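Written below as structure tokens is the structure these notes are about.
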Amino acid sequence: MSSEFVRPDGRLPDQLRPIKMAVGVLDRADGSAYVEQGNTKVIVAVYGPRELHPRHKASPEAAVVRCRYHMAPFSTRERKSPNPSRREVELSKVIKDALSQTIFLERFPRTSIDVFIEVLEADGGTRCASINACSLALANAGIPIRDLISAVAVGKYNGHIILDLNDEEDEAAEADMPVAIMPSFNKVVLLQLNGVLTEEEFKQAFDLAVKGCMEINRIQRETLRSRYLSIKGEENEDV
Amino acid sequence: MKTFRVVSQLVRSRIISMLKEGSRIDDRGLLDYRPIDVKCGLISRANGSAQVSIGSTKVLAGVKVGIGEPFSDVPDQGVLAVNAELVPLASPAFEPGPPDETAIELARIIDRTLRETKTIDLKSLCIEPGRRVFVIFLDIYVLDHDGNFIDASALASILALLNTRIRKFSIDEGELRYEEEYVPLPVLHTPVTITLAKPDDGPFIVDPNLEEELSLDNRVCISVDELGRICAIQKLDGSLSVDEVFEVVSIACKTAPKLIEIVRRESGLDAGS
Amino acid sequence: MNERRIVLPGEFLVEGDYQPGLNVFRQGKRFYSSKIGLLSIDKKVVSVIALHGVYEPKVGDLVIGKVIDVGTFSWTVDIRSPYTAILNASDYFKGRFNPLRNSLRDALAPGDMIIAQIVEFDRTRNPVLTVQGHGLGKITRGMIVELTPSKIPRLIGRKGSMINLLKKEGRCQITIGKNGLIHIVGETVEDEELVAQAIEKIEREAHTTGLTDRIMKFLRRSRGLDV
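As structure tokens, this is what we get:
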């Protein structure tokens with residue numbers, strides 16, 4: 170049975186890596202967040218809504234989301250050129266498409282909402298960690314959204330369906346499937362499969378992904394709430 | 395120009411209301427493809443080529459085989475490089491310039507589909523491990539965009555690969571030796587890609603044409619091979635409910651055999667080779 | 009103010025016969041929050057008082073802005089909203105505007121701060137300002153403090169309790185721009201600084217209870233008075 174399988178880092182198949190999340194980590198950005206999942210570290214800044222120039226790029230009906238997913242040259246095992254790779258272009262697009270589902274874009278015509286993602290350390294699951302951080306950053310910026318987006322990757326490794334692959338597992342896996350959902354509305358806003366699964370394996374993997382996303386969502390909410398619960402009125406402050 | 399990316403509200407409402415009644419503007423069934431036309435081997439300078447039309451959408455894929463260095467992490471394997479271009483002549487919505495995010499996404503979906511299934515036996519394309527291997531350049535050209543160029547590109551790609559012929563070669567003491575005979579590229583699988591779309595409140599359709607693509611907010615594509623293995627998924631636009639995700643995978647698995655049948659027939663695979 | 013619950017985007021609030029207020033959206037009969045904020049249900053209207061977010065311009069609002077560009081017939085003004093605002097020369101010069109005689113730049117240059125009112129704004133164009141009106145025009149002294157726009161009600165307080173407290177104990181004139189910029193003028197720089205600090209405290213603690221009391225204690229203690 171899968172549940173007895175132990176992974177290279179000691180985790181069980183349905184276990185997430187240790188997670189750290191923080192919001193409001195950057196001073197100049199309108200919203201920001203930092204997320205760690207295992208050794209994967211991403212930081213996100215959100216600017217906007219702000220006027221978009223040139224005008225012809227703007228939409229008279231709604232805000233336009235611009236998203237840049239970028240990996241720092243020192244983030245990967247071998248140094249990565251700072252120029253955008255095709256993978257970064259694709260990931261920028263799918264992340265932008267996911268975020269566009271939750272933002273109330275029609276509230277801010279003729280503007281752009283700019284999302285900048287920097288992967289500081291890449292150890293698998295960077296696009297999912299990025300989406301988790303983007304959600305927090307959007308909430309931190311006070312941009313109206315329908316729901317937080319929670320993401321995690323599942324995969325098949327040595328025949329076992331596993332949750333939250335690190336880089337070592339990703340390289341060797343038979344399949345890697347990042348999933349992002351809006352939990353309150355049961356909506357899947359990112360879904361990709363890289364690899365091969367039978368229909369039955371897909372069902373198993375997807376179910377596990379949804380469970381993982383719910384757990385991530387719980388941590389995101391705790392992160393946002395705890396920022397306010399820790400600020401209580403101080404009477405005897407020395408200023 | 396923006397006007398070509400915006401569909402008229404009248405058309406959009408009509409498409410969606412017809413779908414809720416179970417019909418489409420071109421009278422197709424919800425899960426039917428438009429007529430598919432295939433022409434293989436039209437580019438004599440290419441090692442392999444195929445042009446696929448799905449309705450009016452036309453895609454040409456060409457394969458050139460060269461020699462180059464392998465990737466450092468797989469030094470004993472040939473290289474597959476997939477590129478796609480949405481050339482301006484295909485649509486007033488395409489602008490000249492290097493591949494944009496949509497073209498890059500297309501290339502990467504096709505690449506993943508072929509790579510993960512190990513469709514090409516790259517191991518047999520090694521000349522000198524770590525130094526020289528055969529490089530398969532697959533270039534996808536969308537020539538006419540009337541919706542769903544992804545599925546057409548996937549068909550054109552696998553057909554072009556099946557159409558590819560290279561000189562029979564042997565490695566003799568590190569020396570590459572060619573013979574007179576031409577042999578097919580070692581292609582082991584026949585994956586296809588199925589694109590589905592739906593309005594927020596309505597059923598799924600397969601193979602959206604351009605107006606349907608512009609009118610329906612939710613779109614996803616799934617690649618399946620002849621063994622029924624799911625080898626790529628990409629949610630493209632909008633969102634799906636969790637139940638809808640299972641539904642699309644099921645529809646894709648049921649629809650794939652029809653497309654694979656076309657591939658096998660057009661490439662002569664069924665003719666007992 | 010009652011204890012208010014902090015809610016998050018996507019969080020389910022209530023179900024039933026309600027009206028959606030600020031930062032709340034509905035799906036069927038279920039109401040959800042679209043921002044991080046404090047839940048408020050008042051006479052069947054469900055709202056969320058946001059703790060973050062930009063200023064969304066409204067016609068009639070009093071705003072404080074910074075001139076950032078000078079054109080031939082108008083100035084561009086930053087009012088800390090997604091849209092920059094326009095102040096027309098014809099408004100500033102009360103219609104008696106002669107481009108040959110009146111230099112726009114001499115009247116208002118980039119960097120100048122103004123108190124203005126929004127006279128026009130809709131989805132198709134940027135906000136248009138006027139400086140014709142009591143108390144409107146160029147700001148020449150004092151200091152400007154920033155506050156998240158949605159916290160302005162907290163700055164004002166129930167029936168003006170907080171703002172009156174600040175004016176009295178802080179000994180300053182205070183003008184509140186709906187866009188989250190506050191203009192403070194006092195007899196001394198120290199007085200102005202103190203009020204600025206009090207406002208920063210309100211920004212940080214807007215979501216807590218007993219704030220008015222704490223601000224009063226803060227102001228009086230800082231001035232060495234009995235609490």
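If you read the protein sequences in the order shown, they are chains A, B and C.
Residue 170 is where the first sequence starts when you use this note's numbering, and the numbers rise one by one after that.
Residue 395 is where the second sequence starts when you use this note's numbering, and the numbers rise one by one after that.
Residue 9 is where the third sequence starts when you use this note's numbering, and the numbers rise one by one after that.
Glycine included, C-beta positions come from ideal geometry on N, C-alpha and C.
None of the values given here were measured: they were computed from a predicted structure.
As for any alpha helix (DSSP H) of minimum length 4 sitting wholly inside the segment 567-592 of chain B, there is none. Residue-level contact check: residue 262(A) touches chain B, since one or more beta carbons of chain B fall below 8 Å from its beta carbon. A Cβ-Cβ separation of about 14 Å leaves residue 475(B) out of contact with residue 500(B) under the 8 Å criterion. Legend: CB atoms of the segment 51-64 of chain C lying less than 8 Å from CB atoms of chain A belong to residues 58, 59, 60, 61, 62 and 64.
For residue 588(B) and residue 299(A), the gap between their C-alpha atoms comes out near 28 Å. Apart from sequence neighbours up to five positions away, the residues of its chain that approach residue 188(A) with a beta-carbon distance below 7 Å are 205, 206 and 388, ordered along the chain. Out of 208(C), 188(C) and 178(C), the CA that lies nearest to the CA of residue 199(C) is found in 178(C). Residue environment: residue 186(A) is assigned as buried (16 or more neighbouring CB atoms within 10 Å of its CB, all protein chains considered). In chain order, 308, 317, 390, 393 and 394 make up the part of chain A whose C-beta sits under 8 Å from the C-beta of residue 16(C).
Contact check between the segment 463-471 of chain B and the segment 508-527 of chain B: three or more CB pairs, one atom from each, fall below 8 Å, which counts as touching.
If you draw a straight line from the Cα of residue 20(C) to the Cα of residue 349(A), it is about 20 Å long. Under DSSP, residue 70(C) forms a beta bridge with 125(C).
Per DSSP, the continuous alpha helix (DSSP H) segment holding residue 405(B) begins and ends at 403-414. In the assembly as shown, residue 134(C) is a buried residue. Its beta-carbon has 16 or more other beta-carbons within 10 Å. If you compare the alpha carbons of 630(B), 603(B), 557(B) and 430(B) with that of residue 457(B), the shortest gap goes to 557(B). Secondary structure of residue 481(B) (DSSP, three-state): coil. Against chain C, the CB of residue 177(A) has no partner CB under 8 Å away; the residue lies outside that interface.
Annotation: the segment 126-187 of chain C contains the following complete segments of the beta strand (DSSP E) (minimum length 3 residues), in chain order: 133-138, 151-154 and 180-184. Per DSSP, residue 267(A) is one residue of the alpha helix (DSSP H) stretching across 255-271. When only Cα atoms are considered, residue 395(A) and residue 145(C) end up about 42 Å apart. Excluding five sequence positions before and after residue 427(B), the CB atoms of its chain that fall closer than 7 Å to its own CB belong to 448, 600 and 601, given in chain order. Residue 363(A) is classed as buried because its beta carbon has at least 16 other beta carbons within 10 Å across all chains shown. Contact of residue 311(A) with chain C by beta-carbon distance below 8 Å involves 43, 44, 58, 59, 60, 61, 62, 156 and 158.
Rounded to the nearest angstrom, the Cβ distance from residue 99(C) to residue 148(C) is 19 Å, too far for a contact under 8 Å.
Under a criterion of Cβ atoms nearer than 8 Å, the residues of chain A adjacent to residue 631(B) are, in order, 266. Residue 412(B) counts as exposed, since fewer than 16 other C-beta atoms from the protein chains shown sit within 10 angstroms of its C-beta. Residue state for residue 539(B) is assigned as coil, using DSSP reduced to three classes. In this structure, residue 68(C) places its C-beta atom within 8 Å of the C-beta atom of residue 125(C). Per DSSP, residue 366(A) is one residue of the beta strand (DSSP E) stretching across 356-366.
For residue 654(B), the closest C-alpha among the options 585(B), 425(B) and 505(B) is that of 585(B). Residues of chain C with a Cβ closer than 9 Å to the Cβ of residue 245(A) do not exist, since the nearest Cβ in that chain sits about 33 Å away. The beta carbon of residue 63(C) is closer than 6 Å to those of 88, 89, 157, 187 and 188 in its chain, skipping five residues each way along the sequence. Legend: CB atoms of the segment 267-280 of chain A lying less than 7 Å from CB atoms of chain C belong to residues 273, 277, 278 and 280.
In the DSSP assignment, residue 640(B) falls outside any beta strand (DSSP E) and lies within the alpha helix (DSSP H) extending over 636-660.
A residue is called buried once 16 or more other Cβ atoms fall within 10 Å of its Cβ, and residue 259(A) is buried on that count. Interface annotation, residue 231(C): not in contact with chain A, CB-CB separation never under 8 Å.
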